[in-house]
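Visitor: In the UniProt record's numbering, the protein residues as written are 1 to 255.
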Ligand code: SF4
C-alpha cells in the first residue's frame, strides 16, 4: 500500500486536525532502543519552540542558514513503512517538537492504520494536543522531556519569559496514567545540581519511569561544541539514591 492516507484515517481524527501535509526532515530506519520493547523506526519532524542550548538537533530546530529544513515526502515515508510490515513493531515520532505539526494526528492515524504502534516524543508544550491524540487512540507511548526544576526551566530551554503552565498540564496528564509514558532529563553541569534534580523529582513524584542521561557534546549542539559539559557516569549515578527516595523508578540511561 503506497501513498499517505485514506478517508478512513481522517475519520479517526478530532475535527480540529485538517489537513496539511506532515513535514518530515529525517528517518532512522531502525532503532532497538528508543521504543521500549519494540523494534522501531524513528521519524523526525522539523522545528521546535524551545532553544535548549544542549539540543543535538540544531539543524532540526532552527534549519540551515536560510531557515530551511531537510525534507522527506510523506509518500516516501509511507512507502518505506509499507515495506516494513511484519519487520517493525512501531514508529517513534520525534523532532524538533512533533506537536507543532498541524497534521500530526492524521499522520499518526495513517501509521496506526498500517498496524504499527506509535511513540511520541514531546517537550510538553502542547498538553491539549497531547491529550487529544492519546484519547483518539493514536499514541501508544509518550516520552516527555522534563528539563529541570521549575526555577531553572526557562534558562534550560533557552526561552525568556517562559510560560510554565503547559508543562505543568502535560506532566499532570501523564502522571494520571492515561497512557504509558516516561519522563527524560538530560543532565548538564551548567544547569543541574543535586538541588535542582531533587526539586524536579518532587515535581514528578509518582512517575512510572524517569530516565536521566548525561549530556554528550558534539559538533551539532545548539550552543556550539565545547560550551557545555555533562557529568561523569559515576557522578550521575551518585544522584540516584536521593532521587529514588522520591521517584523510586529513576534510572540513569546511556552511561
Ligand atoms: S532538545 Fe528537544 S525541546 Fe530542546 S530545542 Fe532540541 S528538539 Fe526542542
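Ideal placement from N, C-alpha and C gives every residue a C-beta, glycine not left out.
Beta-carbon separation of residue 173 and residue 127 under 8 Å?
Guide: In the chain shown, residue 173 corresponds to position 173, counting from 1. In the chain shown, residue 127 corresponds to position 127, counting from 1. Contact: yes.
Visitor: Can you look up residue 225 in the DSSP assignment and give me helix, strand or coil?
Guide: Along the chain shown, one-based indexing puts residue 225 at 225. Residue 225: coil per DSSP, three-state reduction.
Visitor: From residue 225 to residue 210, what does the alpha carbon distance come to, in whole angstroms?
Guide: Walking along the chain shown from the start, residue 225 turns up at place 225. Walking along the chain shown from the start, residue 210 turns up at place 210. Their backbone Cα atoms lie some 27 Å apart in a straight line.
Visitor: Would you call residue 182 buried or exposed, if buried means 16 or more other Cβ atoms sit within 10 Å of its Cβ?
Guide: Taking the chain shown and counting its residues from 1, one reaches residue 182 at position 182. By the 10 Å Cβ count, residue 182 comes out buried.
Visitor: If you run the structure through DSSP and keep just helix, strand and coil, what is residue 202?
Guide: Working through the chain shown from its first residue, we reach residue 202 at position 202. DSSP places residue 202 in helix when its eight states are reduced to three.
Visitor: Would you mind sorting residue 148 into buried or exposed? The rule is 16 or more other CB atoms within 10 Å of its CB.
Guide: Taking the chain shown and counting its residues from 1, the one referred to as residue 148 is at position 148. Residue 148 is buried by the Cβ-count criterion.
Visitor: Take the Cβ of residue 11 as the centre, count every other Cβ of all protein chains shown within 10 Å, and call the residue buried at 16 or more, exposed below.
Guide: The residue labelled residue 11 in the question sits at position 11 within the chain shown. Because residue 11 carries a pLDDT of 49, less than 50, the predicted location of this residue cannot be relied on, and no value is offered for it.
Visitor: Determine the direct distance from the alpha carbon of residue 164 to that of residue 214, and round the result to whole angstroms.
Guide: The count along the chain shown starts at 1 and reaches residue 214 at position 214. The count along the chain shown starts at 1 and reaches residue 164 at position 164. Each residue's alpha carbon lies about 24 Å from the other.
Visitor: Per DSSP, residue 92 is paired with what?
Guide: The residue labelled residue 92 in the question sits at position 92 within the chain shown. DSSP, once it has assigned bridges, lists 42 and 119 as partnering residue 92.
Visitor: Going by DSSP, what residues sit across from residue 214 in a beta bridge?
Guide: By 1-based counting over the chain shown, the position of residue 214 is 214. Paired residues: 187.
Visitor: Where does residue 246 fall in DSSP's three states?
Guide: Reading the chain shown from its first residue, position 246 is the one you call residue 246. In the structure shown, residue 246 sits in coil (DSSP, three-state: anything other than H, G, I, E or B).
Visitor: Any idea if residue 248 is buried or exposed, counting beta-carbon neighbours within 10 angstroms, 16 or more meaning buried?
Guide: Here residue 248 corresponds to residue number 248 of the chain shown, with the count starting at 1. Residue 248 is exposed by the Cβ-count criterion.
Visitor: For residue 240 and residue 184, I'd like the C-alpha separation in whole angstroms.
Guide: By 1-based counting over the chain shown, the position of residue 240 is 240. By 1-based counting over the chain shown, the position of residue 184 is 184. Taking the straight line from one Cα to the other gives about 14 Å.
Visitor: For residue 54 versus residue 186, is the C-beta spacing smaller than 8 Å?
Guide: On the chain shown, position 54 is the one that residue 54 refers to. On the chain shown, position 186 is the one that residue 186 refers to. Yes. Within cutoff.
Visitor: Secondary structure at residue 143, three-state DSSP: helix, strand or coil?
Guide: Position 143 of the chain shown holds residue 143. Of the three classes helix, strand and coil, the one that applies to residue 143 here is strand, per DSSP.
Visitor: Could you pull the start and end residues of the alpha helix (DSSP H) that residue 112 belongs to?
Guide: The sequence position of residue 112 within the chain shown is 112, counting from 1. 104 to 113 is the span of the alpha helix (DSSP H), which, as asked, contains residue 112.
Visitor: In whole angstroms, what is the alpha-carbon distance linking residue 227 and residue 50?
Guide: Start at 1 with the first residue of the chain shown, and residue 227 comes out as number 227. Start at 1 with the first residue of the chain shown, and residue 50 comes out as number 50. Computed Cα separation, rounded: 18 Å.
Visitor: What is the DSSP secondary structure of residue 238, reduced to helix, strand or coil?
Guide: Your numbering for residue 238 matches position 238 in the chain shown. Of the three classes helix, strand and coil, the one that applies to residue 238 here is helix, per DSSP.
Visitor: How about residue 236 and residue 200: do their beta carbons lie closer than 8 Å?
Guide: Within the chain shown, numbered from 1, the residue matching residue 236 stands at position 236. Within the chain shown, numbered from 1, the residue matching residue 200 stands at position 200. Not closer than 8 Å, so no.
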